[in-house]
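Be aware that the sequence shown starts at 6, since it is given in the working numbering, and climbs by one per residue. Note that CB positions come from ideal geometry on N, CA and C, so glycine has one too. This structure is a prediction, so every number in the text was calculated from the model and none was measured. Here is the structure we will look at.
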Amino acid sequence: MDTENHSRNDTPFTRAIILHGRRSFDKYHNSTVDSTSNSHWLPWLQQQLLIRGILTQTPEMPRPYEPHYEAWCQEFTHLPVDERTLLVGHSCGGGFLLRWLSEGNYRVGRVVLVAPWLDVEGEAGDFFRFALDRQIDRKAVHGIDVLYSTNDYSHLQSSTAKLRRELPQLRYHRFVNYGHFTFSAMQTRAFPELVEICLREEKK
6 MDTENHSRND
16 TPFTRAIILH
26 GRRSFDKYHN
36 STVDSTSNSH
46 WLPWLQQQLL
56 IRGILTQTPE
66 MPRPYEPHYE
76 AWCQEFTHLP
86 VDERTLLVGH
96 SCGGGFLLRW
106 LSEGNYRVGR
116 VVLVAPWLDV
126 EGEAGDFFRF
136 ALDRQIDRKA
146 VHGIDVLYST
156 NDYSHLQSST
166 AKLRRELPQL
176 RYHRFVNYGH
186 FTFSAMQTRA
196 FPELVEICLR
206 EEKK
């Protein structure tokens, strides 16, 4: 086997960061449950990107059962991000990326949001108290993709509706009966459609 070619990176990305979502207090403190950053499809996606030569990190964000934006932002600033970085966020992690991009002067590679949560109902304190940048897509060289499911929770569907209303220029991908894109809903850690969206080549 040609090991050099096996790990050759033919993508526009040199690194990737995958951000997890929120988790209940009980699950977070349960020693028999995977850590938040190692749950659902996150470790599977990390492996798929690693074998393609993309250095991929899945950081554990502070207190995911009671997230505070400033604490998450402080942790995130330790990670190198540039125009060759792929950012993937699930649920609360996706909402975090939307705020981080909206409020900062950043330039990244591609952003993929899986069931991003914006807390339209105001359940999470001030974590999502921000205004979406209507030109946020200009901060991602290869664009921003949003994945949503037809049978996700109602508060996630309202988040998707808000995004489609305020940011219609993003790329939206509709999935049928994927729930909240969790292991319990999908019954698998593998998510090949996500890899395809993450690494999709730009149309000439």
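When only Cα atoms are considered, Val117 and Ala129 end up about 22 Å apart. Counting along the chain, the unbroken alpha helix (DSSP H) around Gln52 starts and ends at Leu47 to Leu55.
Distances from the CA of Asp124 to each of Ala195, Phe30 and Ser163 were compared; the closest alpha carbon is that of Ser163.
If the five residues before and after Tyr74 are omitted, its C-beta is found closer than 6 Å to the C-beta atoms of Phe132, all from its own chain and listed in chain order. Note on geometry: alpha-carbon atoms of Arg20 and Val86 lie some 8 Å from one another. Using a 10 angstroms sphere on the CB of Asp15, the tally of other CB atoms stays under 16, which defines it as exposed. Remark: C-beta atoms of Gly99 and Trp122 approach each other more closely than 9 Å.
Under the three-state reduction of DSSP, Ser154 is assigned to strand. For Glu80 and Arg115, the gap between their C-alpha atoms comes out near 20 Å.
Annotation: the region 50–114 contains the following complete segments of the beta strand (DSSP E) (minimum length 3 residues), in chain order: 60–62 and 90–95. Within the model, the alpha-carbon separation for Ile59 versus Val146 is close to 17 Å.
The C-alpha of Val181 lies about 6 Å from the C-alpha of Ser154. When the five nearest sequence neighbours on each side are left out, the beta carbons in the same chain lying within less than 8 Å of the beta carbon of His160 are those of Trp122, Asp124, Val125, Glu126 and Glu128, in order along the chain. Secondary structure at Arg27: coil, using DSSP grouped into helix, strand and coil. Under DSSP, Arg134 takes part in no beta bridge, so it has no partner. Around the beta carbon of Thr193, a 10 Å sphere encloses fewer than 16 other beta carbons of the protein chains shown; the residue is thus reported as exposed. In this model, Val119 and Val93 are separated by some 8 Å (Cα to Cα).
The criterion of a C-beta distance shorter than 9 Å is satisfied by Gly26 and Ser96.
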